[in-house]
Amino acid sequence: MSAPDARIGVYVCHCGTNIAGTVDVPAVRDFAAGLPGVVVARDYKYMCADPGQDLIKKDIKELGVNRVIVASCSPRMHEPTFRRCLQLAGLNAYYFEMANIREQVAWCTADKAAATKKAQALVRGAVARVPYHEPLEERTSPVCPVTLIVGGGVAGIEAALKIASSGNKVWLVEREPSIGGNMARFDKTFPTLDCAACILTPKMADVGRHPNITLLTYSEVLEVSGFIGNFEVTIKKRARSVRHGVCTGCGVCYSKCPTKVPSEFDVGLGERTAIYVPFPQAVPNVPVIDREVCRQFTKGKCGICQKVCPAGAVDYEQQDEIIKEKFGVIIIATGFEVFDPSLAPQYGYGRYPDVYTALQFERMTNASGPTTGRVVCRNGQEPKAVAILHCIGSRDKNYYPYCSRVCCMASVKAAHLAKEKSGGAEIYEFYIDMRTFGKQYEEFYNRVQEEGVHFIRGKGAEVIEKDGRLVVHAEDTLLGLYREVPVDMVVLNTALIPHADAGRVAQIFNIQRSQDGFYLEAHIKLDPMKTATEGVYLAGACQSPKDIPDSVAQGAGAAAEALQRIVAGEVVISPVTCAIDADRCAGCRMCIPLCPYTAITFNAEKGVSECNEALCKGCGTCVASCASGAARLKHFDQRQLLAQIEGVAAS
Amino acid sequence: MRYAFYPGCTLHGTSKEYYESTRQVFRALGVELEEIRDWNCCGATALAAASDLGSLVVPLRNLAIAEETKLELAVACNCCFMTLRRSLEAFRGDPARRAQMESALAAVGRHFAGKVEVRHILDILVNDVGLPEVERLAGDALKNYKSVPYYGCQISRPKNPYFGTELPDQLDDLLRAVGLDVPQFDRKTKCCGAALMTSHEGAALDLVAEILDEAHRRGADFITVTCPMCQLNVEAYQGKVNARHGTRHRIPVLYFTQVLGLAFDIAPLRLGLGRHMVSPKGLLVRRQKEAVQ
Amino acid sequence: MTTPETFEPKIVGFLCNWCTYAGADLAGVSRLKYPPNVLPVRVMCSGRVEPELVLKAFWEGADGVLISGCHPGDCHYIEGNYKTLRRKELLDRLLEQFGIEKERLRLTWVSASEGDLWARVVTETVEAVRRLGPLGRTRDRLQSCDGILAADLPAGGCCHGEHPAAEGGGTGGR
Chain A
21 MSAPDARIGV YVCHCGTNIA GTVDVPAVRD FAAGLPGVVV ARDYKYMCAD PGQDLIKKDI
81 KELGVNRVIV ASCSPRMHEP TFRRCLQLAG LNAYYFEMAN IREQVAWCTA DKAAATKKAQ
141 ALVRGAVARV PYHEPLEERT SPVCPVTLIV GGGVAGIEAA LKIASSGNKV WLVEREPSIG
201 GNMARFDKTF PTLDCAACIL TPKMADVGRH PNITLLTYSE VLEVSGFIGN FEVTIKKRAR
261 SVRHGVCTGC GVCYSKCPTK VPSEFDVGLG ERTAIYVPFP QAVPNVPVID REVCRQFTKG
321 KCGICQKVCP AGAVDYEQQD EIIKEKFGVI IIATGFEVFD PSLAPQYGYG RYPDVYTALQ
381 FERMTNASGP TTGRVVCRNG QEPKAVAILH CIGSRDKNYY PYCSRVCCMA SVKAAHLAKE
441 KSGGAEIYEF YIDMRTFGKQ YEEFYNRVQE EGVHFIRGKG AEVIEKDGRL VVHAEDTLLG
501 LYREVPVDMV VLNTALIPHA DAGRVAQIFN IQRSQDGFYL EAHIKLDPMK TATEGVYLAG
561 ACQSPKDIPD SVAQGAGAAA EALQRIVAGE VVISPVTCAI DADRCAGCRM CIPLCPYTAI
621 TFNAEKGVSE CNEALCKGCG TCVASCASGA ARLKHFDQRQ LLAQIEGVAA S
Chain B
107 MRYAFYPGCT LHGTSKEYYE STRQVFRALG VELEEIRDWN CCGATALAAA SDLGSLVVPL
167 RNLAIAEETK LELAVACNCC FMTLRRSLEA FRGDPARRAQ MESALAAVGR HFAGKVEVRH
227 ILDILVNDVG LPEVERLAGD ALKNYKSVPY YGCQISRPKN PYFGTELPDQ LDDLLRAVGL
287 DVPQFDRKTK CCGAALMTSH EGAALDLVAE ILDEAHRRGA DFITVTCPMC QLNVEAYQGK
347 VNARHGTRHR IPVLYFTQVL GLAFDIAPLR LGLGRHMVSP KGLLVRRQKE AVQ
Chain C
14 MTTPETFEPK IVGFLCNWCT YAGADLAGVS RLKYPPNVLP VRVMCSGRVE PELVLKAFWE
74 GADGVLISGC HPGDCHYIEG NYKTLRRKEL LDRLLEQFGI EKERLRLTWV SASEGDLWAR
134 VVTETVEAVR RLGPLGRTRD RLQSCDGILA ADLPAGGCCH GEHPAAEGGG TGGR
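Protein chains in written order, with this note's numbering: chain A, 21 to 671; chain B, 107 to 399; chain C, 14 to 187.
Have a look at this one:
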């Protein structure tokens, strides 16, 4: 239909008082009624609700409305809703345009008269544009049923198991030599004091042997291209220097290795060898050689592990492998790091030997950790008093403004374990607020209070050394006193922060980050797994700090998102793509190198460029560069945009 | 290297030794300090209690004079450093405030464009001159001594880009560069009580006691300071602290420029070491004995 | 007669769907208040914005144009925003040829999580354009409207059938 045939219906939404409280809705309606091409203008309280949609359907049927404008919220909210409404009424979904007069007018404008004027201008822009809309048909594209999960912590493991047990294939790629993530380091988990390894290792073992899961550890994703249903991913499988299929996991190699370095898994408290598994229950139970410290690689002499290996699995010649694979959906479950408190020297970390991070303390209380589960100072003696400090780096303008959510519970748990495993030391816990919000969390807090732990409501301000002991200074706000509490050991609950390379990883997967640096979800309340990139989902602490129950729940949620796509079997591809008019194309080929998806190719026979609409994502960069106007972006073409500009800018 | 120099009231008055030793050390390092002309008192911290605008405008006049030299402005006293910087940041901040400050300054016939940087001489020595140069000039005079670096609070608070807020380390590094043993000193930025010593003497004495106690625990031969206020409180009131707490502190409190001067083998009297209330004589005698051996 | 204090600039904004448009939505959800002078036109990518669209905005009476996209490196379509950056350089020179101050065109990067930045960007842009004053009737300043703008539009589009030479008033040689 060409422009003169347009019969436009304009529907202005009150959205309760969200819009109507600031914008004079009847005035916008009346203004719309007077615009060229508008045959009906209405207003209604909630256009997205059924009665609102019925208004539209009725006018399409009875008044011959063939273009629809809804002036309401953001198209990012309800464009799909109204498009469906048009479809149900028998009109092409793309004959629809929205004017965002809520998020971008009513909610952000103080002056009501100015807000009304702006709303009218935006409606006029939409009315000018919509006659030039064309009927577009969505097409579908098949979904490759294999899921890629990046990150083998508890969220990634949960997602992998859920998808695999539905009969679909999963690849789980993990950067460390073993899956397990941060949870594998913990001793006991709150609130039940379940042993972390006991509950996690069965799941890890399931992942290791599940026929539907391809596990790639010591591996990293290098590059991602493609789109939902059809991602092409390049993975680097780093050389372990040990043949996976041959190694029996006997452990002789690392028992004989002469090189010792600080263990990353023990957060620097313990040591590991150059050929190592990070912890005894590692999955896969295949060691890895750290080529940067191994004498065989750095000095060319040793070779002990190869000599003693009964299976002949050690292979110094092994190379990194580059694997290219196709996936339908991707789940990012890369977890978190912890804030390094040496950046806040007033807490004594790095200056005094017995100041630990909570993660280090987990390793200490862990029976398979460097102190076999005893809480002892560096000199081997049991502390007579231990201080546990909350919010080190969190809720702090100088470091990270947000709350890390899990540390109050982790601190209370640490207090309980410290009392138990130190031979009855006095435990002092310094907190700002006590955030024990979850199921059985408050009850756990009460229990630990009754165990005789001293809770001091006042953030530990600094840790100094006096007379051979560590002294914590804090204001006890309940007593109204300044206190100096001498202890022998300090445990700092440090902020959970995004990985240092989160920005680079975000670019690889084409996802966005929130202001706090964690990955950005589609909607903070209603859509915490989806991202702005279709087919890429988030699970676990990489989206925002959370505890194990929430990580598991979100992992399962991400699995559901993935399965939704896989079960549907095909995805709807937006018809907003570029088409090149062969009659206008001069064959200059300016557009071809500009396309990030290499969707445009040159047809030498015809002497024109052609756009493969299956590859085109609809960015319009080629359109902007086309000198002859041959490249047209459907739904954002020149006529539509010029008309819209005219409409909004007119006085 | 040349800097404009703002001595402030104390350097020509009660802490003349800081002035003398600063002059000596900077001359030895070949760095010129040009005292700005017709400077006025910075207002210290007392003026802010009487007039907020006054406490911003009074130091501003010095900044305006310094701006004319087109050099960076070097300051030795922590209080002066803080008040001058505070005035500068207020000037560069809220436009309405700036307008007030400009018109007040205009009333005394001066104009300021905001083009001055205020630098503490400790920062200049460590970052501009550099530790290698200091090490080069330092002899072995201080090799067997231990000192704790007491920065005081106003050099690092409110937050500024030059010194870490909680535990700066420039002075520690500088003292080590001249061969001193510098242990951990947790009180390095803890308040000395400042003017409270006159209004709430007991409270201030308790603060000074903490500093002295820790210096003693760390086995320091002397305390090194960067501020005349700190120097006065920590040295002159040791007798009263001892009376109040039953301690026996008698530890010299030297300006870091005096310490550098000793390392550079400059004669002690030229460094004002004869002006102290807790005499550093014991230190100097020991040094002579060791030098002879 | 508008005085500097009463002049309300009209600014057309081209907002990329994935970053700035979402950031602007977030500003609204957070109820941050900012001046209403920017009239947003949604595009999928800032790379879609070509000189003709910017000139059209000025032609239609905008005193300023704001293009805003994803931060470099974060473009939803990988590199569209880099193209925009390059085009802006050329556009600046083109505008000066037309006698339009290049400060009337701004290019900013606002991500989906930066609602407060969007509010600041709008506020600063409005003030900057306000200081530059009204652009006046661009039709009067351009010597002719042949070619660039009239070509494809049917009657009822640009110019509404009138040729600018027929209109009187304004400055510039007529």
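From the three backbone atoms N, C-alpha and C, an ideal C-beta is built for every residue, glycine too.
All of these numbers come straight from a predicted model, not from anything done at the bench.
| Check | Outcome |
| --- | --- |
| Contacts of B/Glu195 in chain A (Cβ-Cβ under 9 Å) | Here the premise fails: no neighbours, minimum Cβ distance about 18 Å. |
| Neighbour flag for C/Asp38 against chain A, beta carbons, 7 Å | yes |
| Euclidean distance between Cα positions of A/Cys636 and A/Tyr617 | 7 Å |
| Cβ shell of B/Leu166 (< 7 Å), same chain only, five flanking positions each side left out | Ser193, Phe197, Met207, Leu211 and Phe218 |
| Contacts around A/Ala515, its chain only, beta-carbon distance under 6 Å, and the 5 residues preceding and following it disregarded | Phe359, Gly413, Ser414, Tyr420 and Ser424 |
| Where A/Val32 falls: helix, strand or coil (DSSP) | strand |
| Among A/Arg87, A/Gln366 and A/Ala435, nearest to A/Ala494 - alpha-carbon criterion | A/Gln366 |
| CA-to-CA distance, A/Val253 to C/Gly93, given in whole angstroms | 22 Å |
| Chain C contact for A/Val32 (CB, 7 Å cutoff) | no |
| Neighbour list for A/Leu614 in chain C, Cβ cutoff strictly below 7 Å | Lys96 |
| Interface residues of chain A facing C/Ser124 [CB-CB closer than 7 Å] | Gln532 |
| The ligand HEM heavy atom lying under 6 Å from the CB of B/Ile317 | Absent from the structure shown: the ligand HEM. Ligands present: none. |
| Rounded straight-line distance, which links the Cα of A/His519 to that of C/Gly26 | 35 Å |
| Helix, strand or coil at B/Val214 [DSSP, three-state] | coil |
| The region 344 to 363 of chain B touching the region 306 to 319 of chain B, judged by at least three CB pairs closer than 8 Å | yes |
| Contact set between A/Cys608 and chain C, taken where Cβ atoms lie within less than 8 Å | Correct list: empty, because the minimum Cβ distance to chain C is about 15 Å. |
| Contact list for A/Lys77 against chain C, beta-carbon separation under 7 Å | In chain order: nothing, as chain C lies at least about 25 Å away. |
| Under 7 Å between C-beta atoms of A/Ala578 and A/Ala47 | no |
| Cβ pair count under 8 Å reaching 3, the region 189 to 202 of chain A against the region 230 to 240 of chain A | yes |
| Residues that DSSP places opposite A/Ser161 in a beta bridge | A/Val591 |
| Beta-carbon spacing of B/Lys296, B/Tyr257 below 7 Å | no |
| Sub-7 Å separation of A/Ser239 and A/Val287 beta-carbons | no |
| Per-residue burial, C/Thr19 [other beta carbons within 10 Å of its own, 16 or more giving buried] | exposed |
| Under 7 Å by beta carbon: chain C residues contacting A/Ser671 | Gly74 |
| Cβ shell of A/Asp44 (< 6 Å), same chain only, five flanking positions each side left out | Thr136 |
| Limits of the unbroken beta strand (DSSP E) element including C/Phe111 | Neither: C/Phe111 is in no beta strand (DSSP E) and is coded neither H nor E. |
| contact_flag[the region 98 to 113 of chain A, the region 41 to 57 of chain C] where n(CB pairs < 8 Å) is 3 or more | no |
| The beta strand (DSSP E) enclosing A/Ser92, as first and last residue numbers | Arg87 to Ser92 |
| Any 3 or more C-beta pairs closer than 8 Å across the region 142 to 160 of chain B and the region 221 to 233 of chain B | no |
| Nearest-angstrom Cα separation, counted from B/Ala321 out to A/Met454 | 37 Å |
| Rounded separation between A/Arg533 and A/Glu402 - CA only | 44 Å |
| Burial state of B/Met107 (16 or more Cβ within 10 Å) | exposed |
| Reference A/Val591, options A/Arg159, A/Thr391 and A/Pro71, closest by Cα | A/Arg159 |
| Host beta strand (DSSP E) of B/Lys296 (start-end) | No beta strand (DSSP E) contains B/Lys296, which DSSP labels as neither H nor E. |
| A/Ser94 beta carbon less than 7 Å from that of A/Asn120 | yes |
| Unbroken stretches of the alpha helix (DSSP H), 4 residues or longer, contained in the region 254 to 304 of chain A | 272 to 276 |
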